[in-house]
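Novice: Using our numbering, the first residue of the sequence shown is number 1, and each one after it goes up by one. Before I ask anything, here is the structure I am working with.
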Amino acid sequence: MEKQPKRHSFTGSLGFVLAAAGSAVGLGNIWRFPYLAAKDGGGMFIAVYIVLALTFGFTLLITEVAIGRRTKQSPLTAYGVLSRKWNWLGIVSCLVPAIIMPYYCVIGGWVLKYFTKYLTGGGAAAAGDGYFSSFISGGFQPILVMTVFMLATAFVVYRGVNSGIEKLSKILMPALVALVLVIAGFSLTITHTDGDTTRTGLQGLAVCLIPDFKGMTLGKLVGVVLDAMGQLFYSLSIAMGIMVAYGSYLHDDASIRRSVNRIEIFDTAIAILAGVMIIPAVFAFEGRAGMDASGPELMFVSLPRVFSEMGALGGFVGCIFFAMVLFAALTSAVSIMEAVVSSFMDKFKMSRAKAVGIVFGLSYAAAILVCLGYNALYFEFSFSTVSGGQILDILDFVSNNILMPVVAVATCILIGWIVKPKTVIDEVEKNGEKMGRRGLYIVMIKYIAPALLILLFLKSIGLLG
Ligand code: PHE
1 MEKQPKRHSF TGSLGFVLAA AGSAVGLGNI WRFPYLAAKD GGGMFIAVYI
51 VLALTFGFTL LITEVAIGRR TKQSPLTAYG VLSRKWNWLG IVSCLVPAII
101 MPYYCVIGGW VLKYFTKYLT GGGAAAAGDG YFSSFISGGF QPILVMTVFM
151 LATAFVVYRG VNSGIEKLSK ILMPALVALV LVIAGFSLTI THTDGDTTRT
201 GLQGLAVCLI PDFKGMTLGK LVGVVLDAMG QLFYSLSIAM GIMVAYGSYL
251 HDDASIRRSV NRIEIFDTAI AILAGVMIIP AVFAFEGRAG MDASGPELMF
301 VSLPRVFSEM GALGGFVGCI FFAMVLFAAL TSAVSIMEAV VSSFMDKFKM
351 SRAKAVGIVF GLSYAAAILV CLGYNALYFE FSFSTVSGGQ ILDILDFVSN
401 NILMPVVAVA TCILIGWIVK PKTVIDEVEK NGEKMGRRGL YIVMIKYIAP
451 ALLILLFLKS IGLLG
C-alpha cells in the first residue's frame, strides 16, 4: 500500500459540530426557509419541518457521517470501500460539490459586494431600482468579488482541518449566532406606518409562527411536506459528499448520535431565527405581498429596500446583516471545497496544497463563466422547471434537482439493502453508546426515505404537480 500522510481529525466533537453546522447554515437558511414558512402556513410548515428533521434528516445525516468515519475516506473513494460495485456513487457525490462550488462562490462574491457597500455607507444606493441587475451584469466587478471570496475559501481549506476549517468555524459560528439574535430582536421592535395602516414586526412574527390551516387540502399538505423535505435536504448539506468528508475527520470515540442531534438543532434554530429576523421586518415595511420574494431577489433587492426604509439605522442593520450572511456563506463554501479537495487527496494521493491548487483553478475558470452568464454569455432560455435561467441556474438545477436526489436514493439503497443498516448502526455504536431510534432508522433508510426522495425528485423535475 502507498504511504499516506496521517489523516487529520477534528480536535473534538465541538469542532466537528461547529464545522458541520457551518456547512449546514448557509444561504438556504436565510433566503429560503423564511419564504417557505410564510408561504406554507407558518407554524405548520415549521412543525412539518421539525418532524422531518427528526426522522428523515436524522437518518440521512447520521448515515453520511457514519460512512465517512467508518471508511476514513472522502466521498470520491468512500462508497467504493463499502462495496466495490458502488464506486460510481462516489464519483457522482463528488461531482455535486464540484458543480456547486463555482456558483456558490459567485453568490458569495455578491454578498461580499453588498457587505462592503453597506460598510462604506453606500447602503442607500444598493436599494435603488435596478442596482442588483446592473451589478451582476457588470462584467468585471462580479468577477473581482468572486475572486476574493474564492481565494478566502481556498486559503481556509489550504490551512487544513484544524488550523483552517475548525478554527474558522469556532470563530464565525458564535459570531453568526450573536448577529442573528441582534437583528431578530431589532426586527421584532419595528412599527411602521404607511398612510393610515400601521404594521408591527410582532404581527409579522405571527404570520411565520402561528399555524394557518386555512384552505388546507390533502394535496396542499403533500406540497408542504415536499417543500419542507427539499429544504431540509439542502439545508443539512446532505447528498453533497460534505458530511462524508467531515465524518472522516471525526474521532472514533466521539458520539455520532449526539453530534448529529446538535447539528440539526443548530441548523433548524438558525433557520427559524432567520424567519424571525426577516419576516417581521419585511411584513412591517412591505406587508404580506413583500413576503413573496425568495432567493437572490429577497436578499439583494427586497431586503435592501427594507433597510433603506428603516431610515438612519438601516445602513447599520444592513451592514450587520450582510456580515452575518457572509459568515454563513463562507463556512458553507469551505465545506464544499473541502469535499472536493479531500477527494482528490485520497484518490490521487496528492498533497493538500496541490489539490487546493487544482480545485481552485478548475472552479475559478467555471466561476468566471458563471459571472459572464449575466454579461457576454447571456442568452434567453428555459428548461424543465426553471424559466429564464442563466448558467448559474443550470448548475443549480443539475446539482440540486437531479444529482442530489440520485445520490440520496442510491445511498439509501446501498445502506438499506446492500451493505445493510447494521454497518451504520455498528459505526454509530462504536463508542459504546446506543444509537436510539434504531427501529425507526432501519424503516426510514430501507423504505420511507427512498420513497419520499423519489417523490421529491419527480416534483423537482416537474413531473409531479
Ligand atoms: N446547507 C447550505 C444552506 O442551507 C447550503 C450548502 C450548499 C452548503 C452547498 C454547502 C454546499 O444554505
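Even glycine gets a Cβ: it sits at the ideal position worked out from N, Cα and C. Keep in mind it's a predicted model, so treat the numbers as computed, not measured.
Any heavy atom of ligand 1 within a distance shorter than 7 Å of the CB on G206?
Specialist: Translated into positions along the sequence shown, residue 206 becomes position 206. Strictly speaking, residue 206 in this sequence is Ala, with Gly absent from that position. No, ligand 1 has no heavy atom inside 7 Å of this Cβ.
Novice: I'd like to know whether the C-beta atoms of E166 and F10 end up nearer to each other than 8 Å.
Specialist: Counting from 1 along the sequence shown, the entry for residue 166 is found at position 166. Counting from 1 along the sequence shown, the entry for residue 10 is found at position 10. In this structure, F10 lies closer than 8 Å to E166 by Cβ.
Novice: In the DSSP assignment, what residue or residues form a beta bridge with H251?
Specialist: Position 251 of the sequence shown, counted from the start, is the residue given in the question as residue 251. DSSP lists no partner for H251.
Novice: Enumerated in chain order, which unbroken segments of the alpha helix (DSSP H) with a length of 4 residues or greater are wholly contained in the segment 338-376?
Specialist: Segments of the alpha helix (DSSP H) lying fully in the segment 338-376: 352-372.
Novice: Quick check on G311 - is its C-beta less than 8 Å from some C-beta in chain B?
Specialist: Protein chain content of the structure displayed is limited to a single chain, and chain B is not contained in it.
Novice: Which of helix, strand or coil does DSSP assign to L463?
Specialist: The residue labelled residue 463 in the question sits at position 463 within the sequence shown. Residue state, collapsed to three classes: coil.
Novice: Where DSSP assigns a beta bridge to D194, which residues make up the other side?
Specialist: Your numbering for residue 194 matches position 194 in the sequence shown. According to DSSP, D194 bridges with T197.
Novice: Assuming contact is defined by CB atoms lying nearer than 8 Å, are F283 and R199 in contact in what I supplied?
Specialist: Indexing the sequence shown from 1 puts residue 283 at position 283. Indexing the sequence shown from 1 puts residue 199 at position 199. Yes, the Cβ-Cβ distance between F283 and R199 is below 8 Å.
Novice: Would you kindly check if the distance between the Cβ of I391 and the Cβ of L369 is under 8 Å?
Specialist: Stepping through the sequence shown from its first residue, residue 369 is reached at position 369. Stepping through the sequence shown from its first residue, residue 391 is reached at position 391. Yes.
Novice: Can you look up Y246 in the DSSP assignment and give me helix, strand or coil?
Specialist: Within the sequence shown, numbered from 1, the residue matching residue 246 stands at position 246. Helix, per DSSP.
Novice: With a CB to CB cut of under 8 Å and the five nearest residues on each side skipped, what residues in its chain are close to E441?
Specialist: Looking up residue 441 in the sequence shown gives position 441. Note that residue 441 is Tyr in the sequence shown here, rather than Glu. Contacts found: F58, T59, I62, P421, V424, I425 and M435.
Novice: Going by other Cβ atoms of all chains shown within 10 Å of its Cβ, with 16 needed for buried, is E427 buried or exposed?
Specialist: For this step, residue 427 is matched to residue 427 along the sequence shown. Buried, because 16 or more other Cβ atoms sit within 10 Å of the Cβ of E427.
Novice: What do you get for K3, buried or exposed, if any count of 16 or more other CB atoms within 10 angstroms of its CB means buried?
Specialist: Counted from its first residue, the sequence shown places residue 3 at position 3. At K3 the pLDDT is 48, less than 50, meaning the model places this residue with poor confidence; the figure from the coordinates comes in the next sentence. K3 is exposed by the Cβ-count criterion.
Novice: Starting from Y378, trace the alpha helix (DSSP H) in both directions and tell me its first and last residue.
Specialist: In the sequence shown, counting from the first residue as 1, residue 378 sits at position 378. Y378 -> no alpha helix (DSSP H), and no H or E assigned at all.
Novice: DSSP three-state call for L236: helix, strand or coil?
Specialist: Locating residue 236 in the sequence shown gives position 236, where the first residue counts as 1. The answer is coil: DSSP assigns L236 none of H, G, I, E or B.
Novice: By the 10 Å Cβ neighbour count, where 16 or more other Cβ atoms means buried, how is D196 classified, buried or exposed?
Specialist: Taking the first residue of the sequence shown as 1, we reach residue 196 at position 196. Counting Cβ neighbours within 10 Å, D196 comes out exposed, since fewer than 16 surround it.
Novice: Quick one: what does DSSP say I210 is sitting in, helix, strand or coil?
Specialist: Walking along the sequence shown from the start, residue 210 turns up at place 210. In this structure, I210 counts as coil in the three-state DSSP scheme.
Novice: Beta carbon of S169, beta carbon of P280: below 8 Å?
Specialist: Here residue 169 refers to the residue found at position 169 when the sequence shown is read from its first residue. Here residue 280 refers to the residue found at position 280 when the sequence shown is read from its first residue. Cβ distance not < 8 Å, so S169 and P280 don't count as in contact.
Novice: For the 8 Å Cβ check, are there 3 or more pairs between the segment 99-107 and the segment 30-37?
Specialist: Output reads no: the segment 30-37 does not touch the segment 99-107.
Novice: DSSP three-state call for A289: helix, strand or coil?
Specialist: To locate residue 289, count along the sequence shown from 1; it is residue 289. Residue state, collapsed to three classes: helix.
Novice: I'd like to know if the segment 171-189 and the segment 130-145 are in contact, where contact means that at least 3 CB-CB pairs between them fall below 8 Å.
Specialist: Counting Cβ pairs under 8 Å, fewer than three are found: no touch.
Novice: Pull up the distance between the alpha-carbon of E380 and that of G361, whole angstroms please.
Specialist: Numbered from 1 along the sequence shown, position 380 holds the residue referred to as residue 380. Numbered from 1 along the sequence shown, position 361 holds the residue referred to as residue 361. One C-alpha to the other measures close to 28 Å.
Novice: Excluding the five sequence neighbours on either side, which residues of its own chain have a C-beta within less than 6 Å of the C-beta of W86, listed in chain order?
Specialist: For this step, residue 86 is matched to residue 86 along the sequence shown. Contacts found: Y79 and L414.
Novice: Here's a check: name, in chain order, each residue in its chain whose Cβ is nearer than 7 Å to the Cβ of V398, leaving out the five neighbours to either side.
Specialist: One-based indexing of the sequence shown puts residue 398 at position 398. Correct list, in chain order: I99.
Novice: Measure the Cβ-Cβ separation of I238 and E64 and say whether it is below 8 Å.
Specialist: Here the question's residue 238 lines up with position 238 in the sequence shown. Here the question's residue 64 lines up with position 64 in the sequence shown. In contact: I238 and E64 (Cβ atoms closer than 8 Å).
Novice: Quick one: does the C-beta of I466 sit closer than 7 Å to a heavy atom of ligand 1?
Specialist: What is shown of the chain runs 1 to 465, which leaves residue 466 out entirely.
Novice: Hey, would you say G28 sits closer than 8 Å to Q231, going by beta carbons?
Specialist: Position 28 of the sequence shown, counting from 1, holds the residue named residue 28. Position 231 of the sequence shown, counting from 1, holds the residue named residue 231. Yes, Cβ-Cβ distance for G28 and Q231 is below 8 Å.
Novice: For a test of the three-state rule: what should DSSP assign to M444, helix, strand or coil?
Specialist: Locating residue 444 in the sequence shown gives position 444, where the first residue counts as 1. In this structure, M444 counts as helix in the three-state DSSP scheme.
Novice: Using 10 angstroms around the beta-carbon of R84, count the other beta-carbons present and answer buried if the total reaches 16, otherwise exposed.
Specialist: The residue given as residue 84 occupies position 84 in the sequence shown. By the 10 Å Cβ count, R84 comes out exposed.
Novice: Is L273 near ligand 1, going by C-beta to nearest heavy atom under 7 Å?
Specialist: As a working mapping, residue 273 is identified with position 273 in the sequence shown. No, the Cβ of L273 stays beyond 7 Å of every heavy atom of ligand 1.
Novice: For a test of your reading of the model: does the CB of Y234 fall under 7 Å from any non-hydrogen atom of ligand 1? Yes or no.
Specialist: What you label residue 234 is simply residue 234 of the sequence shown in a count that begins at 1. Yes, the Cβ of Y234 comes within 7 Å of a heavy atom of ligand 1.
Novice: Here's a check: name, in chain order, each residue in its chain whose Cβ is nearer than 7 Å to the Cβ of T55, leaving out the five neighbours to either side.
Specialist: Against the sequence shown, residue 55 aligns to sequence position 55. The answer, listed in chain order, is L440 and M444.
Novice: Would you kindly report the start and end of the unbroken alpha helix (DSSP H) that includes Q141?
Specialist: Taking the first residue of the sequence shown as 1, we reach residue 141 at position 141. F140 to R159 is the extent of the alpha helix (DSSP H) around Q141.
Novice: Are the CB atoms of A293 and S235 nearer to each other than 8 Å?
Specialist: Reading the sequence shown from its first residue, position 293 is the one you call residue 293. Reading the sequence shown from its first residue, position 235 is the one you call residue 235. No.
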